[in-house]
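Beneath this line is the structure, given in structure tokens, with notes to follow.
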Amino acid sequence: MTTDVINTGLLQLIERGILILLLVLGVACLVVFIWRWRALGKAHAGVVEARGRVEAELTGAEAPAGEMPPAPGAAGLGGRMLLVARRNAHLCPEALEKVLETQESRAREALERGAPFLGTVGSNAPFLGLPGTVLGILAAFRKMAESGGGGADVMAAIAGALVATAAGLLVAIPAVVLYNLLRARIKKTVNALGEIRSLVLARSLQATVDEAF
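Going by my numbering, the sequence shown opens with residue 102, and the numbers climb by one from there.
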């Protein structure tokens, strides 16, 4: 009898631990999203500004105020890509393309920081809540065996056990939504970096043609 009581208490303790873990993961997802959303917003603005610089240089138009070519050591993903392009401007277009692709890959890694955490939580939170429900139901059945029937306290224990599954879904669904929002902003910024790479290569090709003639 004592062993059964201890086992029941242990099952309930594990169930509560899973609920606390889900709560912590939900809060962590929100914190990570806010952190990365702000960082991605700044990164995208910098990349768009760098793209405007390249477009102005390529067309020969005057760059708008505040969009002059960056000085060496310019910050931001777009500024760093332009800096790499300037330092390797002596390379042929094919070699320059490889260098810029490498820089773009590194920039993508920096942009995707934190997003895998949201994806992992969104994918696994329901499975984490399921063991909590199973353990809660097992504890309810033990209570039923101890009392010899299905009283109100047993029914309340079963209902409480289902909270773990609900908590898993309440954490997973927002995590997936936030993950998709981050992925959309990451994709938008990476596309802008790809446009910078294309514009720089177009300028390099044009310079090669001008030298040939």
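Glycine included, C-beta positions come from ideal geometry on N, C-alpha and C.
query: What's the gap between the Cα of PRO223 and the Cα of LEU123?; result: The sequence shown places Gly at residue 223, rather than the Pro named in the question. Approximately 11 Å between the Cα atoms of the pair.
query: Less than 7 Å between C-beta atoms, sequence neighbours within five positions excluded: which residues of the same chain meet that for THR234?; result: ALA262, LEU263, ALA265, THR266
query: On the premise that ALA216 lies in contact with LEU271, defined as a C-beta separation below 8 Å, what is that separation, rounded to the nearest angstrom?; result: In fact, because the Cβ distance is near 21 Å, the residues do not count as touching under 8 Å.
query: Do three or more CB pairs link the stretch 129-148 to the stretch 274-292 at distances below 8 Å?; result: yes
query: Do LEU294 and LEU159 come within 8 Å of each other at the CB atom, strictly closer than that value?; result: no
query: With a 10 Å radius around its C-beta and 16 neighbouring C-beta atoms as the bar for buried, classify PHE228 as buried or exposed.; result: exposed
query: Based on Cα-Cα distance, which residue from LEU131, ILE115, ALA285, ARG304 lies nearest to LEU219?; result: LEU131
query: How long is the line joining the alpha carbons of ARG187 and LEU201, rounded to whole angstroms?; result: 11 Å
query: Please go through the same chain and pick out, in chain order, the residues whose beta-carbon is closer than 6 Å to the beta-carbon of ARG304, but skip the five residues on each side of it.; result: LEU159
query: Taking only three categories from DSSP, how would you classify CYS130?; result: helix
query: If you draw a straight line from the C-alpha of GLU213 to the C-alpha of GLY179, how long is it?; result: 16 Å
query: So the alpha helix (DSSP H) ALA196 belongs to, where does it begin and stop?; result: 194-212
query: Sort ARG139, ILE259, ARG137, VAL278 by Cα distance to GLU116 and report the nearest one.; result: ILE259
query: My output table needs one value for GLY295: the three-state DSSP class, helix, strand or coil.; result: helix
query: Any idea what DSSP makes of GLY230, helix, strand or coil?; result: helix
query: Look at the alpha carbon of LEU306 and the alpha carbon of ALA157, and state the distance between them as a whole number of angstroms.; result: 17 Å
query: Within the continuous alpha helix (DSSP H) that includes GLY177, where are the two ends?; result: Taken as a continuous stretch (DSSP letters only), GLY177 belongs to no alpha helix (DSSP H), as it is neither H nor E.
query: Report the rounded CA-to-CA distance for ILE135 versus ALA273, giving the unit in angstroms.; result: 17 Å
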